[in-house]
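Residues 4 to 436 in our numbering are what the sequence shown spells out, letter by letter.
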Amino acid sequence: MALAAERRSAARLLLAHPLVASDGPHADLFPLIRRHADWLGKRFQRVLGYRLLVDSSYARLFKAGLGAGSGHRLERSTGTPFTPHTYACLALALSVLVTAPEQMLLSQLVADLRAAAADAGIELAETGRVAGKRTLVAALRQLVDWGVLIETEGQVAAIAQEAGGEALITVDRELARVVVAGPLAQARDGAELVQRAADPGFGGPRTYVRRMLVETPVVHLDELTDAERDWLRTRQRREAQAFSELLGLEMEIRAEGVALVDPEEELTDLHLPGTGTVAQAALLLAERLVERLRPQEPGHPATGGTLVIGVAVPDGLVDEVLAGLVAEYGQRSNWQRGYLEDLSSLREAVLDLLVRMRLMTRTGPLRAEGEGLPEGYVEEAPEGRTVTDVHGARPGGGGYVLLAAAARYATHVTVRPATATGKGTDVQEELPL
Numbered sequence: 004m005a006l007a008a009e010r011r012s013a014a015r016l017l018l019a020h021p022l023v024a025s026d027g028p029h030a031d032l033f034p035l036i037r038r039h040a041d042w043l044g045k046r047f048q049r050v051l052g053y054r055l056l057v058d059s060s061y062a063r064l065f066k067a068g069l070g071a072g073s074g075h076r077l078e079r080s081t082g083t084p085f086t087p088h089t090y091a092c093l094a095l096a097l098s099v100l101v102t103a104p105e106q107m108l109l110s111q112l113v114a115d116l117r118a119a120a121a122d123a124g125i126e127l128a129e130t131g132r133v134a135g136k137r138t139l140v141a142a143l144r145q146l147v148d149w150g151v152l153i154e155t156e157g158q159v160a161a162i163a164q165e166a167g168g169e170a171l172i173t174v175d176r177e178l179a180r181v182v183v184a185g186p187l188a189q190a191r192d193g194a195e196l197v198q199r200a201a202d203p204g205f206g207g208p209r210t211y212v213r214r215m216l217v218e219t220p221v222v223h224l225d226e227l228t229d230a231e232r233d234w235l236r237t238r239q240r241r242e243a244q245a246f247s248e249l250l251g252l253e254m255e256i257r258a259e260g261v262a263l264v265d266p267e268e269e270l271t272d273l274h275l276p277g278t279g280t281v282a283q284a285a286l287l288l289a290e291r292l293v294e295r296l297r298p299q300e301p302g303h304p305a306t307g308g309t310l311v312i313g314v315a316v317p318d319g320l321v322d323e324v325l326a327g328l329v330a331e332y333g334q335r336s337n338w339q340r341g342y343l344e345d346l347s348s349l350r351e352a353v354l355d356l357l358v359r360m361r362l363m364t365r366t367g368p369l370r371a372e373g374e375g376l377p378e379g380y381v382e383e384a385p386e387g388r389t390v391t392d393v394h395g396a397r398p399g400g401g402g403y404v405l406l407a408a409a410a411r412y413a414t415h416v417t418v419r420p421a422t423a424t425g426k427g428t429d430v431q432e433e434l435p436l
C-alpha cells in the first residue's frame, strides 16, 4: 500500500506539473520521482504515450497535445492569458538561452532576443514601448517560474523601468532545452506543430482517448471518432480501475460521455465551483441555462432514447441571464466593480471559463466528423462493430452550445411522498449530468 501510494503521489505531481525541479516549489516530492523513475517512465509511456526524463536536478514529463483549442494556456500573474506576442517572446528567449552563458546581464538577453527575432523575421518593435516591455517581462517571468532563469541580482521586471533597469541572471541551459515538448524540427508552422503533437502514434485511438480523459474536464462522445468510441465502450470499466490505481481518479460514465473526477481536487487548473466574480457568475449562468434549455427526456439510442449532447443557446440569452444575475447578486456578493460596470467583459470571461470547462462551446466541426485527425489515422470502428450514433447530438450553425456536462452543476430539488416508515416528505438535491 505504501509503495502504491508513493507512486500515485509522484504520478499525480508530474501530471499536474510536467516540469519539476529538485529545488523548486515541489522539492519535497522530487525524491519520490527519482525513487520510482523507472516504474513511472514505463507506466506513462504505456498508458498515455508520454516520455519521462528524470535527471539529478529535474524531472520532465513530455506531454502531447490534443489538437487545436485544447491546450493548457499560460497566464500572467493577473490571470490575463498570454497573447501570441507573449508566446513569441517566450519561444525566442528559449532559442537564445539554450546556448547562452551561465550568467548574463538582462540587457544582453534582451539584445540577443531582438537579434534572434530579426533572424527569424519576427517583428518585436513593441519591446521598446511600455506594453511591449510588460509582455517581454511576462515571458521572462514564466521562465523564472520554471527555473530556467534565476534572478541572481535584481529582477527581470527591471526591463519595464523607464530608465531601463539592469539585472544579473543565471541560466539553466539544461532546463531550457527540455521545456519544449513538441516535434519542432518536423513542423513547418505552428498549425502543423499542433497537429503533429496531437498524433498518438502507434497507440492510436487507445492512447488518444486516455489522454482526452486525463487532460480534459469531460469527454463528450461526439468528440471522438467511431474507432475511439468503440474502444472506450469496450474498455471503460477496466480503464476506470486502471486510472484509479495510477492516479486516484474516479470515472463517471454517462450516456453523453465520460469524465475522470479527482476527489482531492488537485489535478486541475480550473475550479468550478470556485471563488471570485467570474467563477460565481459562471456557475449561476450554467444553472440558469440548464433550467431554461434542458431537453425533454434525453436518453441513449440503445434504449430507444434520443442522445442529446448539446443544445443551442439562443442569441441574447446569455446577456439576458447575466444582466439578471448582476442585478440579483452583483452588489450583495461584492462582485468586482469592473465587471459590474462592463457586462461585455464579464460575458467574455464567463464564457471563456465555461468553454474551457467543456460546459459550453462554439459550434464547429467535430472529431467525430473527421476534424483535426492526423494523416492516416484510424477513424472507423472495426468491421462489424456498431458504435453509438452521435449524428445530430448537438446543433450546428452558429453561436454557442450548452453541453450535457453543464447539468452536473445545476441543482434541482426532488420532493418524494412520505413512506409508510417515515414521516413528512423526503427532500433532496440532485446533481444530474
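Cβ atoms here follow ideal geometry from the backbone N, Cα and C, with glycine treated the same way.
With DSSP collapsed to three states, give me the class of residue i.
i	result
E156	strand
F246	helix
L112	helix
E267	coil
T173	strand
G260	strand
Y380	coil
E432	Bear in mind that the predicted position of E432 carries a pLDDT of just 34, short of 50, making it unreliable; the figure below should be weighed with that in mind. Reduced to three states, the DSSP call for E432 is strand.
E300	coil
E2	The chain is shown from 4 up to 436; residue 2 falls before or after that span and cannot be answered.
Q164	coil
E105	coil
E255	strand
H88	helix
R397	coil
E386	coil
L273	coil
T280	helix
A200	helix
D392	coil
A96	helix
A30	coil
A190	coil
Since I believe residue j is in contact with residue i (beta carbons under 8 Å), could you give me their beta-carbon distance rounded to a whole number of angstroms?
i	j	result
E169	G157	6 Å
G68	V197	6 Å
L288	V353	6 Å
L376	L406	Going by Cβ atoms, the distance from L376 to L406 rounds to 21 Å, so no, they are not a contact pair.
F85	L77	4 Å
P398	V314	7 Å
R291	V324	5 Å
L250	A14	6 Å
L109	I153	The Cβ separation is near 12 Å, so there is no contact.
L349	V182	Contact doesn't hold; Cβ gap of about 34 Å is too wide.
A477	V293	Since the first residue of the chain shown is 4 and the last is 436, residue 477 is not available in this structure.
V159	V140	6 Å
For the alpha helix (DSSP H) that contains residue i, what are its first and last residues?
i	result
L143	V133 to W149
A179	R176 to V182
L369	No alpha helix (DSSP H) contains L369, which DSSP labels as neither H nor E.
T309	Where T309 is concerned, there is no enclosing alpha helix (DSSP H), given that its DSSP letter is neither H nor E.
I125	From DSSP, I125 is part of no alpha helix (DSSP H); its letter is neither H nor E.
E9	A5 to A19
P34	F33 to R38
Would you mind sorting residue i into buried or exposed? The rule is 16 or more other CB atoms within 10 Å of its CB.
i	result
H303	exposed
P298	exposed
M4	exposed
D225	buried
F47	buried
A188	exposed
R241	exposed
T391	buried
E432	The predicted position of E432 is uncertain, since its pLDDT is 34 and thus under 50; a value taken from the coordinates is nonetheless stated next. Classification for E432: exposed.
A262	buried
H223	buried
H88	buried
G333	buried
Q283	buried
D345	exposed
H39	buried
L18	buried
L56	exposed
What span of residues does the beta strand (DSSP E) with residue i cover, start to end?
i	result
R365	M363 to R365
A24	L22 to A24
Y412	Looking at the DSSP string, Y412 is not in any beta strand (DSSP E), and its letter there is neither H nor E.
L227	Unbroken run through L227: none, as it is neither H nor E.
L405	Y403 to L406
Kindly say whether residue i, judged by its beta-carbon, lies nearer than 9 Å to any beta-carbon of chain B.
i	result
A118	Within the model displayed, chain B is absent; a lone protein chain is all it includes.
Original post:
Fully enclosed by the stretch 43 to 84, which beta strand (DSSP E) runs are 3 residues long or longer?
Top reply: 54 to 57 and 61 to 65
Original post:
In the stretch 311 to 356, which residue ranges form an unbroken beta strand (DSSP E) of at least 3 residues, counting only runs that do not cross its ends?
Top reply: 313 to 315
**OP:** Enumerate, from N- to C-terminal direction, the unbroken alpha helix (DSSP H) stretches of 4 or more residues contained entirely within the stretch 202 to 226.
**Re:** 207 to 218
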